[in-house]
């Protein structure tokens, strides 16, 4: 296993003894385990087994035996790890693995060796169902080629095995850093950042989702697919259960982006459509296939969307980003009654302006024209919004007809839909051009009617202090977010991420810039782990309602105290979302 995958948590090396020639042909050892004969030869050659007793217990740490030739999935030559009790003086054996070494140097592969060491050294489980084994010795997959402990040991003919997947690295304690995906945010998954786990926590500690960047780079260059891997994990599940029901499901199941569940049905070890990448909009939620529902069928709340194309840094959005609250809907009317002569056969034409002074987002739009002209088939007329987006209203239609007195709305001109959702404030321009000779005309007046939706400005602040919370200390720790905008609180949300093994010890107080304080959490929850929660002033009986009308500008301070002994934790991060009222 690569050192970077281990995050410095496991350091081991092997001494190579041999080659050693056994007394019988290969077929003999299908029914006669070769471990004792091989180790007898090694000891006879002068190998000191006491060197491999790191704990001084009289027991060897581990024993690896590799036989020459291709892997044999037959009898006692089947690659495996097990235990055997042999005694040499004061040293006994215990755990061992046996696998092949290939036929020659060019044929040497390390995949199965790494896989079996995952069992031997880390006691990792196989990420497949033993009850459905194929001719290569692999069972129905839960993680397929995407994990060393699935079938990832076979990648590149065993020469470049897959890394240990995020699920097992997290269980082994190899990930010092955890990014929670339980609040709406834009996240960047970095390929090869094996010391970090991206996790969405379910309602119980045993069930959760993990996300990792498995783009075809580095150790992942031989994967069948490239992009974002999403795993549905349950530490109480079993890799014997590929049924995917509430009672019988995997410990760790790769959610295959194509929804085909090929791994569960042993169709393949992975294909090009397993991972998520280049997805606009929602990629996974309770309503998609595959879905992010919990194993009991309920909605986990995990929503993942807008996934970038596979790369070293792969960005995606997690959570549902709520639109800003609507303050009001109104219709704005602007009119320009200044008449302008339209120059004949002139590509520059004329431009007439209407300024919309109010803020808001366009919902509907109507443009009314009053133009005198003796041949409207000469005319090209365009409307341009303050951002510079143009829509043709009239493009030399009408032939020799006189005059143009007409209104254009979404119902009659679908192209106007491009303005919907855009800011209304600023200068709107009408361009009128006469592109043929002889006939003349005048823009008498024009009018713009816009139905707009005014939305609230949202002020946000976030900080990740990663502060240790002192045990049994009423002073606790404090963290501040600085808000530079002015206004007063109309609506307020506070999101908290605290790691703690007994949240009933905790007291959380939020203090506004003006000094008013409210208690968010006061020693509730008993022995539950971790406090990952969002407080909303709009919720009934919300403690945040006490901060309504407070000035938003200045330092907002969160104070966290642990008021009982023994259990400890950290303030990982917290954030504010404020809708100002004025």
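In our numbering, the protein residues as written are 5 to 586. Quick reminder that beta carbons are idealized off the backbone N, C-alpha and C, glycines included.
Annotated three-state conformation of residue 171 is helix, per DSSP. Inter-residue distance for residue 311 and residue 252 is about 31 Å (C-alpha atoms, whole angstroms). DSSP places residue 107 outside both helix and strand once states are collapsed to three, so it counts as coil. Secondary structure at residue 316: coil, using DSSP grouped into helix, strand and coil. In the three-state reduction of the DSSP assignment, residue 220 falls in the coil class, being assigned neither a helical nor a strand state. Rounded to the nearest angstrom, the Cβ distance from residue 233 to residue 216 is 5 Å, consistent with a contact under 8 Å. Secondary structure note for residue 35: it is in no alpha helix (DSSP H), with a DSSP letter that is neither H nor E.
Look at residue 580 here: in three-state DSSP terms it is strand.
DSSP lists 450 as the beta-bridge partner residues of residue 340.
Taking 8 Å as the cut-off, the beta carbon of residue 445 is found no closer than this to the beta carbon of residue 358.
The three-state reading of DSSP puts residue 556 in coil, since its state is none of H, G, I, E or B. The C-alpha of residue 157 lies about 9 Å from the C-alpha of residue 150. With 16 or more other CB atoms across the displayed protein chains lying within 10 angstroms of its CB, residue 229 is buried. Less than 8 Å divides the Cβ of residue 562 from the Cβ of residue 483. Residue 120 sits buried, since 16 or more C-beta atoms from the chains shown fall within 10 Å of its C-beta. In this chain, the alpha helix (DSSP H) harbouring residue 124 covers 115 to 126. By the Cβ neighbour-count rule, residue 42 is buried, with 16 or more other Cβ atoms within 10 Å of its own. Restricted to the stretch 343 to 405, the beta strand (DSSP E) segments that are unbroken, complete and at least 3 residues in length are 344 to 346, 350 to 360, 365 to 377, 383 to 388, 394 to 399, listed in chain order. Rounded to the nearest angstrom, the gap between the Cα atoms of residue 17 and residue 71 is 19 Å. Of all alpha-carbon atoms in 281, 427, 408, 580, the one lying nearest the alpha-carbon of residue 193 is that of 281. Residue 425 and residue 365 have their C-alpha atoms some 5 Å from each other.
Here residue 150 carries a helix assignment [DSSP, helix/strand/coil]. Assigned with DSSP and collapsed to three states, residue 306 falls in coil, not helix or strand.
In terms of Cβ geometry, residue 368 and residue 382 do not form a close pair [threshold 8 Å].
Counting of Cβ neighbours within 10 angstroms places residue 350 among the exposed residues, the total staying below 16. Ranking 555, 528, 101 by CA distance to the CA of residue 568 puts 528 first. The beta carbon of residue 394 is closer than 6 Å to those of 386, 388 in its chain, skipping five residues each way along the sequence. Ranked by how close their Cα comes to the Cα of residue 453, the residues 418, 339, 398 have 339 in first place. In the DSSP assignment, residue 526 falls within the beta strand (DSSP E) that extends over 521 to 526.
Using a C-beta cut-off of 8 Å, the stretch 95 to 102 makes contact with the stretch 53 to 73, since at least three inter-stretch Cβ pairs fall below that distance. Under the DSSP assignment, residue 503 falls in the beta strand (DSSP E) whose first and last residues are 493 to 504. Here DSSP, grouped into helix, strand and coil, assigns residue 202 to strand.
DSSP places residue 471 inside the beta strand (DSSP E), whose first and last residues are 471 to 473. The beta carbons of residue 89 and residue 101 sit no closer together than 8 Å.
Classified as exposed, residue 32 has fewer than 16 neighbouring CB atoms from the shown chains inside 10 Å of its CB. Per DSSP, residue 287 is one residue of the beta strand (DSSP E) stretching across 283 to 288.
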